[in-house]
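> One structure, pasted below without further comment.
6 protein chains.
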Amino acid sequence: MKKKLLVIGAHSADFVWRSAGTIAKALEEGAETLVIALSYGERGESGELWKEDPKRSVESVKVIRHAQAQKAADIIGTPIQFLDWGDYPMIINDERVEQLTHIIGDFEPTVILTHSEKDPFNPDHPLAFQATQRARLLSSGAGVPSAFKNIDPPVWYSFEPHQPELCGFVPDTFIDISSVFEKKVAAMAFMGAQSYLKDYYTELATRRANHARRISGKKEIKYAEAHQSQVPRVTNTIF
Amino acid sequence: MKKKLLVIGAHSADFVWRSAGTIAKALEEGAETLVIALSYGERGESGELWKEDPKRSVESVKVIRHAQAQKAADIIGTPIQFLDWGDYPMIINDERVEQLTHIIGDFEPTVILTHSEKDPFNPDHPLAFQATQRARLLSSGAGVPSAFKNIDPPVWYSFEPHQPELCGFVPDTFIDISSVFEKKVAAMAFMGAQSYLKDYYTELATRRANHARRISGKKEIKYAEAHQSQVPRVTNTIF
Amino acid sequence: MKKKLLVIGAHSADFVWRSAGTIAKALEEGAETLVIALSYGERGESGELWKEDPKRSVESVKVIRHAQAQKAADIIGTPIQFLDWGDYPMIINDERVEQLTHIIGDFEPTVILTHSEKDPFNPDHPLAFQATQRARLLSSGAGVPSAFKNIDPPVWYSFEPHQPELCGFVPDTFIDISSVFEKKVAAMAFMGAQSYLKDYYTELATRRANHARRISGKKEIKYAEAHQSQVPRVTNTIF
Amino acid sequence: MKKKLLVIGAHSADFVWRSAGTIAKALEEGAETLVIALSYGERGESGELWKEDPKRSVESVKVIRHAQAQKAADIIGTPIQFLDWGDYPMIINDERVEQLTHIIGDFEPTVILTHSEKDPFNPDHPLAFQATQRARLLSSGAGVPSAFKNIDPPVWYSFEPHQPELCGFVPDTFIDISSVFEKKVAAMAFMGAQSYLKDYYTELATRRANHARRISGKKEIKYAEAHQSQVPRVTNTIF
Amino acid sequence: MKKKLLVIGAHSADFVWRSAGTIAKALEEGAETLVIALSYGERGESGELWKEDPKRSVESVKVIRHAQAQKAADIIGTPIQFLDWGDYPMIINDERVEQLTHIIGDFEPTVILTHSEKDPFNPDHPLAFQATQRARLLSSGAGVPSAFKNIDPPVWYSFEPHQPELCGFVPDTFIDISSVFEKKVAAMAFMGAQSYLKDYYTELATRRANHARRISGKKEIKYAEAHQSQVPRVTNTIF
Amino acid sequence: MKKKLLVIGAHSADFVWRSAGTIAKALEEGAETLVIALSYGERGESGELWKEDPKRSVESVKVIRHAQAQKAADIIGTPIQFLDWGDYPMIINDERVEQLTHIIGDFEPTVILTHSEKDPFNPDHPLAFQATQRARLLSSGAGVPSAFKNIDPPVWYSFEPHQPELCGFVPDTFIDISSVFEKKVAAMAFMGAQSYLKDYYTELATRRANHARRISGKKEIKYAEAHQSQVPRVTNTIF
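Chains as they are written, first to last, in the working numbering: chain A, 5 to 243; chain B, 5 to 243; chain C, 5 to 243; chain D, 5 to 243; chain E, 5 to 243; chain F, 5 to 243.
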């Protein structure tokens, strides 16, 4: 079975905090991966840069954020593509959905990983969800021959938002990322001055590992990422 | 990884209609399986026998139902155990939960499959769910050393009820049972005069296969069973 | 089609506040009705009597509550039966469920009307719901011939609780009770010194009528009662 | 009471699979009906035509789809109107909502039947729901005299989507379509080469009939369609 | 702690019916308040004016509605600002969200009060909710220094819609408005010929007071307004 | 206003992990507090003791657990009462509910804090919720004079379970416990060898503080506990 993972983040750092471990695990098992950063998070999520120099230009922030995310992607070993749609507010329109539809159609992912449907603390995350949802359906079609290229409908997950309970996020898939956790730490280290987030997500990985051990009895899990599936799993085994 | 599947049905035929394919698939991949029939469904679900002879005794119905379920289990190749708790009404009490706790503790399943939490059309199905839920927790404990034997918490699914939407059943796991479907048909054939149910569940398997194909693009799926997971999946791959 | 309405209230006054109009409408169209009062509400809901005389006996309260409810039932024109199960706390056990099962089996209602599933302000209402739910299923069975008498499964509604939103109550059926509202007023007048509740439920009937007019455009509705169905409607017309 | 049924489908075949029986029943009882096809489903749902000839033009597909749907409507006996909004992606904008508002205002339906709110397998169905929801509110207004024509708010149902549980579809109204099922079969036969869908929906009608019999005890139901109401029912009888 | 209340209503009378008491209470405790009327409700909610004279112009209706709302605001003692976005249909676009973002950023409210997320009886209320939700997030940002002014995220409530259960409205905050109820009555009196709504909302205030007394035991509450919080409460006391 | 906090834990350590900060804050503002430990958690949650000596008696475990919880309560400064109902399985019956009803009636709490309604990882926590729910209603009655003592209905919260999302726990109240966090740390230190839980809950307090800061902008919050209210808040201010 083909293994291709597409990660779509609203801002350029989202893929690191929320799914760097899952991407690294996918690469570890030989999968092909691609990260899409819809924006640089240049206006709303670049606090450290604006604090350093409130007079800097938006463009200069983008350049820095681009470099940081590229380094993080490199350390994990995944390609990354930047769409530069702008943030706070991100604007979604028919052309952008079409752009994303083409990206999905070209990459033909077997799994897509993106934001949760709801996020009362972030205006851009639900838009990224909606754009992904629509582009995924338009690229895979109705499951019958059609006027356009149809790919097999990718499996589809939401990664963990900042305040999960308030986003209606209920994790149903815990990925053991113990074997690749050092790569995630290294990738997080490139994310500028946000050392508090590095601690925050390191701790989250140990908490989710605690949960995963309690759920499964698998005592060897040290670090985990939690996701929520958006479509059923089709398999040939109950185990 | 150990593969042990425990199926718990309220009435002696439930495991056939709702999970014979999943059991056969588990056996196909070398798993150990066990079916528990909490009752014979002797009062409420033996329509064909009571119609034949309204004066027959409850005990005689149990004997026939036992034989039918045993034959169905044999054809699938799974052991089955009958607890004879009575039906319509089934009564759950602390002793019965303890009995079930011991069965789970002794068998040490990695997966449990039982009824859905809610069923507005059946008084016994939700009781079977509750007894299983409680016994599963009592046998696996709090995940720390304790005063009693602790097993690893089994994964836990609900199989499909008769009117899924009205039972709050949302399938999230489709098992491709194409390779073993003949066994399910053969097992269903032993379930007395209920040929209409055989047709009903054959058709259901094709419908769920249609859904599974639409979800996944896997065109080779001809028959499927749908289940709903009750606890998250802990894994080391997103694929 | 046979029209038989069974109303089951936890306390002897519930049927008046929550469904007197619906009962009177049913009688108006020639239906047979029966009210079951599981208890007299003698301990928890007889405030006016305990305030008058804190030293009176529980038995004397029951006598008064029986007489009040009987008069209310008479004015509406419906038989009423008192089970005297006790209140605050009401105790439900297997014998009581069996008693209720027999009542349902004997009366063979086409519609049952009772409390809502949840009520965070009343300990007895959800128990009445549970007992009714279980007895209804046990009297109607699995829809196949069985060891016991089977009636056709009655349609089943919850009537309106005191704080609907906090009870998860979402009305989906508004009954226009304008033509019989005087009977409801007269019945409420028998409910002792609780004149404030008479005002409360008169006003509720006008509010629900306002809602019913907004929903349907039927300007002639002056008074309404709102219920929530618990099972789907089976019909041969979409109108 | 006036009986006027408006059916709004995203693609030109939706009304056949999901509601041909309900439309035929409405006509049987003397109602006036109108079907609106928002698009021809020419790009995403015309698999058989694109498979026959991948080089054919979108316009030629529309012509064929128009003719098929017209024949199906004729056999049922209902007028049908095609809006040709395009599919995959369907685009909804203020002008189109206004167009639909005028259609609703002119026809003055008492019942509207359309798609479900959610459909994770189809990008156009939820858009049809949203457009209908908005147009219905704009045509019926706030229930007070206003600057524009106000109709009585139509009753409003969703018909059954392809994977009901995953669309949040919970049927609460089952229509017995036994007496008109032959018409539905004849209408489905015009839907091109999709004989597999004819079988699929024939079987669905027998399954929903099985459910309807279990719910109601009405043994005479052979075929049924299931819908979900979007607004409460206002009536003068509980039966 | 700064106390600043911003009330955002879709139509110019919404703030009176749904929150006049809460605004007056806020003023009573020294808070600063501001009401935003997104439209005059000139087309859909000015029934009395259109009935008087069906030929009057939309502009003349706006003038009257402006004057009425201004007088109501004056009697309560709150500033009010009219955005004149139009109603039935209200149109929300990026510019309007930006306008609202600036208003929020300038006023720096500690609490925002607006419509509920869902309202199946009104096309404009959910749009007001969405615009407020988005503008609130854009004005408060991600909680880190950014390219634009960031205010502390305001607490955020929905006030009560007309048919609460059908709007998914579950009140979790009851405000005792007994001490200012006369002001609400006086404000309602300015709302033209809609005396039936004055009665309706007076009665609603007594009903919500009844609920508040039952919930809390606070017998002194005579009138109350009920709201639903949209974000958690952060406090230093459990009492 | 009287301030009395009652905390009810299924096992003797629950109050420490989940609410020691909230209790200490209540004491800091002069409230009266009482902790009820329904059991010692002697069988299921005393891992460290059973690991030390698998042959020790259940009674000896209880003695140690009693002493640990007493010391933790002492350091916080709250009385604690042990009901010794047994764990794994905890058994709830009418007598025990009555016992708890008397405790609530005697203490007359203004706030009750206990477990969440659902916990798929613990068999005893939901039972503690149910017993508390029922006892609370029986002690406060229907809000009218009655045959038994009636207290004002206490406000009622659930504290945070171990895996919040899987327990349906949505925090809506964050308590800033920064000023008393040292006491919580000291209390946790008495909980035997479970140093990993001390770290776990210290980290949780910083995470919940992070969330509280993001929600409110209150930068001074260093440690927080999160709870979920079970009944609405009745207040005279929106701030």
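Every residue gets a Cβ at the ideal spot worked out from N, C-alpha and C, and that includes glycine. If you're wondering where the values come from, they're calculated on a predicted model, not measured in any experiment.
Cβ of Leu42/E within 8 angstroms of Cβ of Phe111/E?
Locating residue 42/E in the fifth sequence gives position 38, counting from the first residue. Locating residue 111/E in the fifth sequence gives position 107, counting from the first residue. No.
> Listing by chain order, which chain D residues have their CB less than 7 angstroms from the CB of Gly145/A?
One-based indexing of the first sequence puts residue 145/A at position 141. Ordered by position in chain D, the residues that pass the 7 angstroms Cβ test against Gly145/A are Gly48, Tyr92.
> Counting only beta-carbon separations shorter than 8 angstroms, does Val189/F have a partner in chain A?
Working through the sixth sequence from its first residue, we reach residue 189/F at position 185. So no, Val189/F is outside the interface.
> So is Lys223/B in contact with chain C if we call contact Cβ pairs under 8 angstroms?
Here residue 223/B refers to the residue found at position 219 of the second sequence. False, the Cβ-Cβ gap to chain C never drops below 8 angstroms.
> Assuming Ala213/F is part of the alpha helix (DSSP H), what are its boundary residues?
Here residue 213/F refers to the residue found at position 209 when the sixth sequence is read from its first residue. First-last of the alpha helix (DSSP H) with Ala213/F: 199-220.
> Please list the residues of the segment 8-42 of chain E that have a C-beta atom closer than 8 angstroms to any C-beta atom in chain F, keeping them in chain order.
Leu9, Thr26, Lys29, Ala30, Glu33, Ala35
> Would Pro168/B pass as an interface residue toward chain F - the criterion being a Cβ-Cβ separation below 8 angstroms?
Walking along the second sequence from the start, residue 168/B turns up at place 164. Using beta-carbon distances, Pro168/B does not count as an interface residue toward chain F, since no partner is under 8 angstroms.
> Kindly identify the DSSP beta-bridge partner or partners of His231/C.
Numbered from 1 along the third sequence, position 227 holds the residue referred to as residue 231/C. DSSP lists Phe163/C, Thr177/C as partners of His231/C.
> So the candidates are Gly145/C, Phe173/C, Val148/C, Thr82/C; which of them puts its Cα closest to the Cα of Asp123/C?
Locating residue 123/C in the third sequence gives position 119, where the first residue counts as 1. Looking at the Cα atoms, Phe173/C is the closest of the given residues.
> Are the CB atoms of Ile107/F and Pro236/E nearer to each other than 8 angstroms?
Locating residue 107/F in the sixth sequence gives position 103, where the first residue counts as 1. Locating residue 236/E in the fifth sequence gives position 232, where the first residue counts as 1. Not a contact, by the Cβ cut-off of 8 angstroms.
> I need the DSSP call for Phe243/C, collapsed to helix, strand or coil.
To locate residue 243/C, count along the third sequence from 1; it is residue 239. The answer is coil: DSSP assigns Phe243/C none of H, G, I, E or B.
> Let me confirm a value: Ser233/F is counted as buried when at least 16 other C-beta atoms fall within 10 Å, else exposed. Which label applies?
Position 229 of the sixth sequence, counted from the first residue, corresponds to residue 233/F. That one is buried.
> Suppose contacts are defined by Cβ-Cβ distances below 8 angstroms. Is Pro175/E in contact with Ala230/E by that definition?
Taking the first residue of the fifth sequence as 1, we reach residue 175/E at position 171. Taking the first residue of the fifth sequence as 1, we reach residue 230/E at position 226. Yes, Cβ-Cβ distance for Pro175/E and Ala230/E is below 8 angstroms.
> If we count the other Cβ atoms within 10 Å of its Cβ and call it buried at 16 or more, is Tyr44/B buried or exposed?
As a position in the second sequence, residue 44/B is number 40, starting the count at 1. That one is buried.
> Going by Cα to Cα distance, which pick from Pro165/A, Asp203/A, Ser144/A, Lys223/A is closest to Trp182/A?
Residue numbering aside, residue 182/A sits at position 178 when the first sequence is read from its first letter. It should be noted that the sequence gives Ser, not Trp, for residue 182/A. Taking only the C-alpha atoms, the option nearest Ser182/A is Lys223/A.
> What are the residues in the segment 122-136 of chain B lying within 8 angstroms of chain C by C-beta distance?
Pro124, Phe125, Asn126, Pro127
> Just to confirm, are Val20/A and Ala76/A a CB contact at a threshold of 8 angstroms?
Start at 1 with the first residue of the first sequence, and residue 20/A comes out as number 16. Start at 1 with the first residue of the first sequence, and residue 76/A comes out as number 72. Against a cut-off of 8 angstroms, the Cβ pair of Ala76/A and Val20/A comes out as a contact.
> Closest Cβ-Cβ distance between Val174/F and chain A: below 8 angstroms?
In the sixth sequence, the residue the question calls residue 174/F occupies position 170. Interface flag for Val174/F against chain A is set, since a Cβ pair is found closer than 8 angstroms.
> Is any beta-carbon of chain A found at less than 8 angstroms from that of Ile107/D?
In the fourth sequence, residue 107/D corresponds to position 103, counting from 1. No - not a single Cβ of chain A is within 8 angstroms of the one on Ile107/D.
> Would you mind working out which of Asn240/F, Lys8/F, Ala14/F, Arg217/F sits nearest Phe125/A, comparing C-alpha positions?
Stepping through the first sequence from its first residue, residue 125/A is reached at position 121. Per the Cα distances, Arg217/F.
> How long is the line joining the alpha carbons of Ala48/E and Asn154/D, rounded to whole angstroms?
Taking the first residue of the fifth sequence as 1, we reach residue 48/E at position 44. Taking the first residue of the fourth sequence as 1, we reach residue 154/D at position 150. The identity of residue 48/E in the sequence shown is Gly, whereas the question assumes Ala. Their backbone Cα atoms lie some 9 angstroms apart in a straight line.
> On the three-state DSSP scale, how would you describe Lys244/D?
The shown model of chain D, from 5 to 243, leaves out residue 244/D, and the question about it has no answer.
> Considering just the uninterrupted stretch of the alpha helix (DSSP H) at Phe125/F, what are its terminal residues?
By one-based count along the sixth sequence, residue 125/F stands at place 121. Premise fails: Phe125/F is in no alpha helix (DSSP H) and is neither H nor E.
> Pick from Gln137/D, Glu207/D, Arg211/D: whose alpha carbon is nearest that of Gln167/B?
Taking the first residue of the second sequence as 1, we reach residue 167/B at position 163. For the residues Gln137/D, Glu207/D, Arg211/D, the minimum Cα distance to Gln167/B belongs to Arg211/D.
> Got a sec: is the Cβ-Cβ distance from Leu117/D to anything in chain E below 8 angstroms?
Along the fourth sequence, one-based indexing puts residue 117/D at 113. Leu117/D does not count as touching chain E.
> Sorted by chain position, which residues of the same chain lie with C-beta nearer than 6 angstroms to Ala213/B's C-beta, five sequence neighbours on each side aside?
Sequence index remark: in the second sequence, residue 213/B carries index 209 (1-based). Correct list, in chain order: Ile225, Lys226, Tyr227, Ala228.
> Is DSSP giving Gly48/E helix, strand or coil here?
Counted from its first residue, the fifth sequence places residue 48/E at position 44. DSSP places Gly48/E in coil when its eight states are reduced to three.
> Could you tell me the distance, in whole angstroms, from the CA atom of Ala35/C to the CA atom of Val159/C?
To locate residue 35/C, count along the third sequence from 1; it is residue 31. To locate residue 159/C, count along the third sequence from 1; it is residue 155. Their Cα atoms are separated by approximately 15 angstroms.
> If you compare alpha carbons, which of Leu141/D, Ala135/D, Arg22/D, Thr239/D is closest to Phe163/D?
To locate residue 163/D, count along the fourth sequence from 1; it is residue 159. Taking only the C-alpha atoms, the option nearest Phe163/D is Arg22/D.
> Whole angstroms is fine: what's the gap from Glu14/D's alpha carbon to Phe133/B's?
Within the fourth sequence, residue 14/D is the residue found at index 10, counting from 1. Within the second sequence, residue 133/B is the residue found at index 129, counting from 1. It should be noted that the sequence gives Ala, not Glu, for residue 14/D. Cα to Cα, Ala14/D sits roughly 40 angstroms from Phe133/B.
> How about Gly51/B: is its C-beta nearer than 8 angstroms to some C-beta of chain C?
As a working note, residue 51/B is residue 47 in the second sequence. Closer than 8 angstroms to some Cβ of chain C, the Cβ of Gly51/B qualifies, so yes.
> Should Phe152/D go down as buried or exposed, given a rule of 16 or more other Cβ atoms within 10 Å for buried?
What you label residue 152/D is simply residue 148 of the fourth sequence in a count that begins at 1. The residue is exposed, with fewer than 16 neighbouring Cβ atoms inside 10 Å.
> On the criterion of 16 or more Cβ atoms from any shown chain inside 10 Å, does Glu46/D qualify as buried, or is it exposed?
Here the question's residue 46/D lines up with position 42 in the fourth sequence. Result: buried.
> Near Ala193/D, what residues of its chain come up, given a Cβ to Cβ distance below 8 angstroms and the 5 sequence neighbours on each side ignored?
For the purposes of this step, residue 193/D is identified with residue 189 of the fourth sequence, where counting begins at 1. Only Lys202 meet the Cβ criterion.
> Measuring only between beta-carbons, confirm whether Trp54/F sits less than 8 angstroms from chain B.
Along the sixth sequence, read from residue 1 onward, the residue named residue 54/F stands at position 50. Judged by the 8 angstroms Cβ criterion, Trp54/F is in contact with chain B.
> Quick test of your reading: Lys29/D and Val184/D, contact by CB under 8 angstroms. State the CB separation rounded to the nearest angstrom.
Sequence index remark: in the fourth sequence, residue 29/D carries index 25 (1-based). Sequence index remark: in the fourth sequence, residue 184/D carries index 180 (1-based). Going by Cβ atoms, the distance from Lys29/D to Val184/D rounds to 6 angstroms, so yes, they are a contact pair.
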